[in-house]
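**Student:** Numbering (our numbering), first residue to last: 99 to 402. Here you go, one structure.
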Ligand code: SF4
């Protein structure tokens, strides 16, 4: 929500108001990703796949890695084509989301993903899991939901393991800061809410260790900290504040769903990776869009 309230509201804000096709299209458009992002998603997918095969005691076909990554990227591009076609049908024009990726570029992305994959296999805690030093562990789906008041949160970790009395909750981040900034640190601590609500897991925050494995400046960086009540409380407050902000945005739109009331992105680069780029004033000219929006707001305020 920090990056673009409008994109955030378009992705999450309509779920309760509309259902069926409208919502599905909106979610598909919101989920549109550039080839670079698709490569990162494919990388995360194969890392988890590798671990899951290990858990089942199955062999990992090493030679297949590039083909698996290619398959994932191409599959995602194909699925996105339907979304792009729909956008173009509505626009009556060619969409900016239409990407034609040359084979050479695709090969380059696959090469990058393979390199990062091999590097991940040597990084902790993955290396310890594969060596068998960590025995009690499992991977989680990011779609798993955790209840907080009336909200369903997606705060599940990617990998969970037990060492001694402690449960470790790890988030795999395919690109980011090696040491999470304050806001991100709280988001990471929200994983403890998942742990506390899960049957069989401890009921005390200090029995959890939150961790990240993040690709940063050419290598995977492992970061960990012991959870405690204050951090988890602050994380809960942050989530509630975000939810409150979303509710306010939602009301701001009014019954007519007036999107012009929603603030646009802070930075142009956010728009470059956004599925709403064709239909949003920020996608055309962010600076002008923001100016027009503040003029509208001033006019509205002075007429009240
Ligand atoms: S195009 Fe830019 S301003 Fe518009 S919703 Fe997307 S990120 Fe936000």
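Every residue gets a Cβ at the ideal spot worked out from N, C-alpha and C, and that includes glycine.
So the candidates are 292, 186 and 312; which of them puts its Cα closest to the Cα of residue 282?
**Tutor:** Position 184 of the chain shown holds residue 282. That would be 312, whose Cα lies nearest to the Cα of residue 282.
**Student:** Can you tell me which of 377, 385, 391 and 389 puts its alpha carbon nearest to the alpha carbon of residue 189?
**Tutor:** The residue labelled residue 189 in the question sits at position 91 within the chain shown. For residue 189, the nearest C-alpha among the options comes from 377.
**Student:** Comparing the C-beta of residue 213 with each C-beta of chain B, is any distance below 9 Å?
**Tutor:** In the structure shown, chain B does not exist; there is a single protein chain.
**Student:** Between which two residues does the beta strand (DSSP E) harbouring residue 307 extend?
**Tutor:** For this step, residue 307 is matched to residue 209 along the chain shown. Note, residue 307: beta strand (DSSP E), 306 to 314.
**Student:** What are the boundary residues of the alpha helix (DSSP H) that includes residue 374?
**Tutor:** Residue 374 sits at position 276 when you count from the first residue of the chain shown. From DSSP, residue 374 is part of no alpha helix (DSSP H); its letter is neither H nor E.
**Student:** State yes or no: is the C-beta of residue 145 within less than 9 Å of the C-beta of residue 236?
**Tutor:** Counting from one through the chain shown, the residue named residue 145 turns up at place 47. Counting from one through the chain shown, the residue named residue 236 turns up at place 138. No. Outside cutoff.
**Student:** Please list, in chain order, all residues with a C-beta atom less than 5 Å from at least one heavy atom of the ligand SF4.
**Tutor:** 102, 104, 105, 362, 363, 368, 369, 372, 374, 375, 378, 380 and 381
**Student:** Are the CB atoms of residue 307 and residue 265 nearer to each other than 9 Å?
**Tutor:** To locate residue 307, count along the chain shown from 1; it is residue 209. To locate residue 265, count along the chain shown from 1; it is residue 167. In contact: residue 307 and residue 265 (Cβ atoms closer than 9 Å).
**Student:** Quick one: is residue 140 buried, meaning 16 or more other Cβ sit within 10 Å of its Cβ, or exposed?
**Tutor:** Here residue 140 refers to the residue found at position 42 of the chain shown. Within 10 angstroms of the beta-carbon of residue 140 lie 16 or more other beta-carbons, which makes it buried.
**Student:** Taking the alpha-carbon positions, what's the residue 255 to residue 244 distance?
**Tutor:** Within the chain shown, the letter at position 157 stands for residue 255. Within the chain shown, the letter at position 146 stands for residue 244. Near 11 Å, if we compare the C-alpha coordinates of residue 244 and residue 255.
**Student:** What does the Cβ neighbour count give for residue 268, buried or exposed, with the cut at 16 atoms within 10 Å?
**Tutor:** Residue numbering aside, residue 268 sits at position 170 when the chain shown is read from its first letter. Buried, because 16 or more other Cβ atoms sit within 10 Å of the Cβ of residue 268.
**Student:** Any idea what DSSP makes of residue 266, helix, strand or coil?
**Tutor:** Translated into positions along the chain shown, residue 266 becomes position 168. Looking at residue 266 - three-state DSSP - the assignment turns out to be strand.
**Student:** Between the stretch 344 to 355 and the stretch 296 to 304, can you find at least three pairs of beta-carbon atoms closer than 8 Å?
**Tutor:** no
**Student:** Helix, strand or coil for residue 292? Go by DSSP, reduced to three states.
**Tutor:** Looking up residue 292 in the chain shown gives position 194. If DSSP states are grouped into helix, strand and coil, residue 292 belongs with the helices.
**Student:** Check the C-beta distance from residue 362 over to residue 388 and give it rounded, since I have them as a contact under 8 Å.
**Tutor:** Reading the chain shown from its first residue, position 264 is the one you call residue 362. Reading the chain shown from its first residue, position 290 is the one you call residue 388. Cβ atoms of residue 362 and residue 388 come within 8 Å of each other, at about 5 Å.
**Student:** Output yes or no for whether 9 Å exceeds the beta carbon distance between residue 197 and residue 133.
**Tutor:** By 1-based counting over the chain shown, the position of residue 197 is 99. By 1-based counting over the chain shown, the position of residue 133 is 35. Yes, they are a contact pair.
**Student:** Whether or not the stretch 221 to 231 and the stretch 197 to 209 are in contact is what I'm after, with contact meaning three or more pairs of Cβ atoms, one per stretch, closer than 8 Å; do they touch?
**Tutor:** Touching, no, given that fewer than three Cβ pairs across the two stretches are closer than 8 Å.
**Student:** Would you please state the rounded distance, in angstroms, between the beta carbons of residue 375 and residue 101? I believe it to be under 8 Å.
**Tutor:** Numbered from its first residue, the chain shown carries residue 375 at position 277. Numbered from its first residue, the chain shown carries residue 101 at position 3. The C-beta distance from residue 375 to residue 101 rounds to 14 Å, too long to fall under 8 Å, and the pair is not in contact.
**Student:** Under the assumption that residue 270 contacts residue 257 (Cβ atoms under 8 Å), give the Cβ distance between them as a whole number of angstroms.
**Tutor:** Within the chain shown, residue 270 is the residue found at index 172, counting from 1. Within the chain shown, residue 257 is the residue found at index 159, counting from 1. Rounded, the Cβ-Cβ distance is 7 Å, consistent with contact.
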